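Going by my numbering, the first residue of the sequence shown is number 118, and it counts up by one from there.
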Amino acid sequence: MRQASSDSGPGSVLAVLKRWRPLCFVLIVAALSALVLLPQFQRLKFIYAIEQSALSFRFMLRGAEPSVDDQAQIVIVGIDDRSLYPDLSEEDLAKSPEARYMAEGWPWNREVYGVVAQRLIDAGARVVAFDLVFPTANPGDWGFYDCIAANRNRIVLGYDYVPSESEMAETPVQERLPYDDLLPADTSGMLGFVNIKLDEDGVLRRAKISTNLFAEKISITDDAVQFARLGPRAQAAAKQYALGVQAALLYDSTLEPSVPGVFEYPLINYGGLDYFSTVSVADILLQDRFEPHAGLFEDAIVLVGACSDFFKDRVSTPWGDMYGVESHGHVARSLLNGTFIRTLSGAWRVGLIIALSVLLCVSYLLFKSAFKKSVCLFTLLLSYLFVSQLLFEANAFLLPLVGPVLILVMGGFGLLVFDFAIEQYEKRRLRGYLSRYLSPEIAQLLSDDSSELEALLRGANRPIAVLFSDIRGFTTLSEQYAPEGLVAHLNEYFESMVDGIHQHQGSLNKYIGDAILAFWGGFYSKGDEEDCTSAIQSALDMNRRIERLNAGWSGDPDKAALQIGIGISYGPCFVGNLGHSQRMEFAVMGDVVNLGARLEGATKQYGCAVLVSAAVYVSCRDRFYFQELDIIQVKGKTRGIAVYAPLSERDGGSPPAWLELWNEALRAYRSREFERARSGFCDLAATEPSQQVAAQLYIERCERLLQNPPPDDWDFVYVMQTK
118 MRQASSDSGP
128 GSVLAVLKRW
138 RPLCFVLIVA
148 ALSALVLLPQ
158 FQRLKFIYAI
168 EQSALSFRFM
178 LRGAEPSVDD
188 QAQIVIVGID
198 DRSLYPDLSE
208 EDLAKSPEAR
218 YMAEGWPWNR
228 EVYGVVAQRL
238 IDAGARVVAF
248 DLVFPTANPG
258 DWGFYDCIAA
268 NRNRIVLGYD
278 YVPSESEMAE
288 TPVQERLPYD
298 DLLPADTSGM
308 LGFVNIKLDE
318 DGVLRRAKIS
328 TNLFAEKISI
338 TDDAVQFARL
348 GPRAQAAAKQ
358 YALGVQAALL
368 YDSTLEPSVP
378 GVFEYPLINY
388 GGLDYFSTVS
398 VADILLQDRF
408 EPHAGLFEDA
418 IVLVGACSDF
428 FKDRVSTPWG
438 DMYGVESHGH
448 VARSLLNGTF
458 IRTLSGAWRV
468 GLIIALSVLL
478 CVSYLLFKSA
488 FKKSVCLFTL
498 LLSYLFVSQL
508 LFEANAFLLP
518 LVGPVLILVM
528 GGFGLLVFDF
538 AIEQYEKRRL
548 RGYLSRYLSP
558 EIAQLLSDDS
568 SELEALLRGA
578 NRPIAVLFSD
588 IRGFTTLSEQ
598 YAPEGLVAHL
608 NEYFESMVDG
618 IHQHQGSLNK
628 YIGDAILAFW
638 GGFYSKGDEE
648 DCTSAIQSAL
658 DMNRRIERLN
668 AGWSGDPDKA
678 ALQIGIGISY
688 GPCFVGNLGH
698 SQRMEFAVMG
708 DVVNLGARLE
718 GATKQYGCAV
728 LVSAAVYVSC
738 RDRFYFQELD
748 IIQVKGKTRG
758 IAVYAPLSER
768 DGGSPPAWLE
778 LWNEALRAYR
788 SREFERARSG
798 FCDLAATEPS
808 QQVAAQLYIE
818 RCERLLQNPP
828 PDDWDFVYVM
838 QTK
């Protein structure tokens, strides 16, 4: 049941995802790319709004475009507040009699427009286009007509589309043309509609280049029969152009509108706000005011229209609000210079999304660390934004923003989250695995940065502190208790001992029957002094714990009191995985491990709980009080080593009173003063119960050596005959 539960749930899912991580990356990005390319996605209102707002921001980043010499000059002649509410003197009226029509108030006598147009043409204007509709008769029509007839190919009049008055009308709109008496017999090329097409958010971004009445009907009908009937007529009908477009066509007869199809509306390349030179109509009518501006109209397109809030003819653009006549100027400018903003066709858009998706996947599969992946993601994102803005400014080319950025940001973020989930799962799994052997702190450290652990698992030689502990007399105990009770007894013992090891940042390597093998410095080393110190602290803690356990077990017939011995050694050791390719085990191997086991066995002979090697003593002699016990040659070795028993931490304390008596007796022993040494050890055995076993050992040696003195080259080494 336990195994089954571990193979199900989120962990097992993440394990599968980890195994197929590259494929998962590709699938995540592919799904996001497919979503971005869906027509339904692109038609979402908030997506459209973001894209259009981004276009406005690009204009702001680019700034107003400078005029260049080879660009057509476009000038605005505005019907502004100075024209609507002129301040004219008798002298002004005497010099310019037509100005009296301005003074009479709006609407003006149409002779004003004839005078203005003629004066502009006389000043060199190539085209004069009126962003005004003259649908009814008005005083002065004949004067205006004379100017129009005389300049047949240089004047463009505005007209608009209005809803049809009859519900039976074949088309939903009808043309509202200038009054008949203003028009010559042939009006081809001199009319331009002034209607504009606002985006859904009320901003004018696209130019309505051309249309016809039947096309207008087709664009809104859902009736298949009507669509089939009007379609051929829409194709056969002549295109009718917008005011700014018609003005540009008159200016350059070789020009062809670069917009294929009836319903394609190109993005206007606005030069800026207040981009065109603007002159008041009042300054055109008054001769003395006109002369300073006359040079401005040479070979120019002049657009005459409302430049006062009186007419409520402002439109919202990416640059902000501007007068309608200015928007017609930007349409004419974009057409004349061939700078309508171009966009990607459907196939190129698909190619762009695929290319970005591939780059994103490659960057994630190429780099392992989350930091490098994040840097690569931001580099891709910033590069795309930079290139798209560069293309916009240099070539009036608009790359899509929302889709690519969504793929890079959301796709990249999604992959980072995916990576994070996998890494967190891996860390939890690794931490759970390590926690069986290591302290929680070391397990956390290694799981956060597993590169060191991965290298270590492949095998490495490192200096480590090894702790080997064993229960004394365990074979006898195992014969006295039932297996189930013995296992429960051992588990309680192991639980406490391993906690003592982990509490001091030790790493559990294995259980060898009732023995415990632990080490410090294999996974993470703080240096020989700290590693050895932690090992000794753990050993002393284990002794305190066994005392508490024994106290708790007293009176329980199923729990026997336990005594343990601990050996600690320090030195180079192989640390890493060992075994068959299908069954590996983490192991520590080397002479230092064998020495730790021999030292544990030697604790019985000296009656001490903990025995450490000389290397451990050298590293920690300033941190603990030690009792030097002997120089021994353990089984399997040819040289003797000094062994010590740690007594307590120094930490402001003082050594036990009997330690000096022990050291004095030991010096006498090594000075061959065996009688004096025997006497010192006897006194110690009589006064200090904890030293009776070790003192008795030396008493017996002294008595043997008194009877059989050692040779002159005696090196004090005691050869151990057992493990």
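We put the CB at the ideal spot given by N, CA and C, even for glycine.
Note that the structure is predicted; figures quoted are calculated from it, not measured.
The beta carbon of Gly713 is closer than 7 Å to those of Val583, Leu584, Phe585, Gly684, Ile685 and Ser686 in its chain, skipping five residues each way along the sequence.
Per DSSP, reduced to three states, the secondary structure at Glu373 is coil, with no helix or strand assignment. Judged by DSSP in its simplified three-state form, Asp616 adopts helix. For Pro580, the enclosing beta strand (DSSP E) has its first and last residue at Ala577 to Ile588. Distance between Ala652 and Asp829, taken at the CA atoms: about 38 Å. The C-beta separation of Ser397 from Arg199 comes to about 5 Å, placing the pair in contact by the 8 Å criterion. Under the three-state reduction of DSSP output, Tyr610 falls in the helix class. DSSP, reduced to helix, strand and coil, places Gln357 within a strand of the structure shown.
With distances taken between CA atoms, Leu367 lies nearest to Asn268 out of Trp436, Asn268, Asn312 and Ser462. Judged by beta-carbon spacing, Arg271 lies within the 8 Å limit of Arg243, meaning their Cβ atoms are closer than that value. Inter-segment contact for the stretch 416–423 and the stretch 443–456 is present: three or more beta-carbon pairs are separated by less than 8 Å. Looking at the DSSP output, Asn694 bridges to Phe703. Contact between Ser444 and Leu321 holds: CB atoms are separated by about 6 Å, below the 8 Å threshold. One alpha carbon belongs to Ala240, the other to Phe407, and they sit about 10 Å apart. Its chain contains Ser433 as the residues whose beta carbon lies nearer than 7 Å to that of Gly319, once the 5 sequence neighbours on both sides are disregarded; these appear in chain order.
Annotation for Ser730: no alpha helix (DSSP H) segment contains it, though the beta strand (DSSP E) segment containing it runs Val727 to Ser730.
Excluding its 5 nearest sequence neighbours in each direction, Asp438 has C-beta neighbours in its own chain below 8 Å: Arg431 and Val432, listed in chain order. If you look at Phe310, you'll find it in the beta strand (DSSP E) that goes Leu308 to Phe310.
Per the coordinates, the alpha-carbon of Ile758 lies some 12 Å from the alpha-carbon of Val709.
In the DSSP assignment, Tyr440 forms a beta bridge with Arg431. Assignment of Ile681 by DSSP, reduced to helix, strand and coil, places it in the strand class.
Residue pairing by DSSP places Ser394 opposite Val192 in a beta bridge.
Look at Val810 here: in three-state DSSP terms it is helix. In this structure, Cys737 lies near Thr650, with their beta-carbon atoms less than 8 Å apart. Judged by their CB atoms, Phe791 and Leu823 are nearer to each other than the 8 Å cut-off. Taken atom to atom, the span from the alpha-carbon of Phe537 to that of Ser655 is near 36 Å. Inside the stretch 214–302, DSSP marks whole beta strand (DSSP E) runs of 3 or more residues at positions 244–250, 272–280 and 290–293, from first to last along the chain. Taken through DSSP and simplified to helix, strand or coil, Arg740 comes out as coil. Of the candidates Leu402, Ala359, Gln404 and Ser394, the residue whose Cα lies closest to the Cα of Tyr382 is Ala359. Classified as exposed, Asp204 has fewer than 16 neighbouring CB atoms from the shown chains inside 10 Å of its CB.
Annotation: the continuous beta strand (DSSP E) that includes Ala423 extends over Ala417 to Ala423. Inter-residue distance for Arg459 and Lys490 is about 33 Å (C-alpha atoms, whole angstroms). In the three-state reduction of the DSSP assignment, Phe457 falls in the coil class.
Assignment of Gln157 by DSSP, reduced to helix, strand and coil, places it in the helix class. Distances from the CA of Leu508 to each of Leu140, Ser170, Leu634 and Arg179 were compared; the closest alpha carbon is that of Arg179. At the C-beta level, Leu384 and Arg466 stay beyond 8 Å of one another.
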